[in-house]
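Protein chains in written order, with our numbering: chain A, -12 to 1; chain B, 318 to 575. Each residue gets a CB set at the ideal place from its N, CA and C atoms; glycine is no exception.
Okay, structure coming up:
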């Protein structure tokens, strides 16, 4: 089973 | 004072058409070097990054860097009044609360102007790391649009795998399954527009929601080519370079195993 990841998981807020 | 004039005004129209499905409102960050925009879709799955270089405009003046918060659906409606060959001028005062759009016909026989109210938008900015992608595919932008639209008939998720045989787009759904494989053809006599270049350091296989890719593909009218950059466990980068003007990049978070 797969789920959709969020973009914020990969990019640091800056 | 901010003022930007673009003879190929149609480019602005195409940029907004390529963003408005994903982003409802966004800050256009203007500075002396040009215009930048970074915005996520409402589900926070994808990120759009637009760069328009000051040199890409016929005239560009920006005395003070500032964000111009604009509702993209309103901007798209205003740009409907801009004809294909119109010259577009954007203007905003340093402390103003509106942006002005002027459309001039090529023969200067029709001039329209519109004013849109600016909005205060709290936007989260991300630092996008420089990634050394394991696989990069450069192909015809319209062909990529076609693949996304065709495969979405069968399912919602596409598996993109880059291997030594090329790049394979696979979908499976209740109706059945579908695969499209595109091969590197740089060694043949393929005309420039149909060239497929695959640069692979190691095989990559990732799953993505097709509906976002279909929205990204709305950028195809901006340019002939698109690049897909992939690495394991990082967002897919779909990049449209607009010659002498800038680029429109989209990042899409992959689907992951629970």
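Cβ shell of residue i (< 6 Å), same chain only, five flanking positions each side left out
i, result
"residue 344/B", "384, 386, 438 and 440"
"residue 321/B", "374, 377 and 407"
"residue 518/B", "451"
"residue 569/B", "363, 525, 529, 552 and 553"
"residue 482/B", "none"
"residue 543/B", "458, 461 and 557"
"residue 346/B", "353 and 384"
"residue 488/B", "468, 471, 472, 475 and 495"
"residue 366/B", "355 and 566"
Assigned exposure category for residue i - 16 Cβ within 10 Å defines buried
i, result
"residue 355/B", "buried"
"residue 331/B", "buried"
"residue 427/B", "exposed"
"residue 409/B", "buried"
"residue 469/B", "buried"
"residue 492/B", "exposed"
"residue 573/B", "exposed"
Length of the line joining the Cα atoms of residue i and residue j
i, j, result
"residue 511/B", "residue 504/B", "13 Å"
"residue 508/B", "residue 446/B", "34 Å"
"residue 382/B", "residue 319/B", "9 Å"
"residue 448/B", "residue 494/B", "32 Å"
"residue 361/B", "residue 399/B", "31 Å"
"residue 460/B", "residue 395/B", "30 Å"
"residue 527/B", "residue 340/B", "17 Å"
"residue 462/B", "residue 538/B", "10 Å"
"residue 499/B", "residue 484/B", "5 Å"
"residue 545/B", "residue 326/B", "27 Å"
"residue 348/B", "residue 379/B", "6 Å"
"residue -11/A", "residue 419/B", "48 Å"
"residue 335/B", "residue 506/B", "32 Å"
"residue 333/B", "residue 389/B", "7 Å"
"residue 476/B", "residue 497/B", "11 Å"
"residue 368/B", "residue 486/B", "29 Å"
"residue 563/B", "residue 342/B", "21 Å"
"residue 501/B", "residue 466/B", "21 Å"
"residue 412/B", "residue 550/B", "43 Å"
"residue 328/B", "residue 403/B", "10 Å"
"residue 425/B", "residue 401/B", "14 Å"
Which of helix, strand or coil DSSP assigns to residue i
i, result
"residue 373/B", "helix"
"residue 502/B", "coil"
"residue 529/B", "helix"
"residue 544/B", "strand"
"residue 320/B", "strand"
"residue 509/B", "helix"
"residue 461/B", "helix"
"residue -4/A", "helix"
Proximal residues to residue i (C-beta, below 8 Å), its chain only, five neighbours per side dropped
i, result
"residue 540/B", "458, 557, 558, 559 and 560"
"residue 350/B", "370 and 371"
Beta-carbon proximity list for residue i, same chain, < 7 Å, skipping 5 on both sides
i, result
"residue 434/B", "414 and 415"
"residue 579/B", "Within the shown structure, residues of chain B are numbered from 318 to 575, placing residue 579/B beyond reach of any answer."
"residue 479/B", "452, 454, 515, 517, 520, 521 and 547"
"residue -7/A", "none"
Residue i beta carbon near the ligand FAD (any heavy atom closer than 8 Å)
i, result
"residue 361/B", "Among the ligands in the structure shown, none appear at all, so the ligand FAD cannot be discussed."
If you measure beta-carbon to beta-carbon, which residues of the stretch 550 to 570 of chain B are closer than 7 Å to chain A?
551, 552, 568 and 570
Could you run through the stretch 356 to 376 of chain B and flag, in chain order, every residue whose CB is less than 9 Å away from some CB of chain A?
357, 358, 360, 361, 362, 363 and 364
Mind checking the stretch 518 to 540 of chain B against chain A and listing, in chain order, the residues whose C-beta falls within less than 8 Å of any C-beta there?
524 and 526
Residues of the stretch 433 to 452 of chain B whose Cβ lies closer than 7 Å to any Cβ of chain A, in chain order
441, 442, 443, 444 and 445
Please name the residues in the stretch 468 to 479 of chain B whose beta-carbon is closer than 8 Å to at least one beta-carbon of chain A, in chain order.
474
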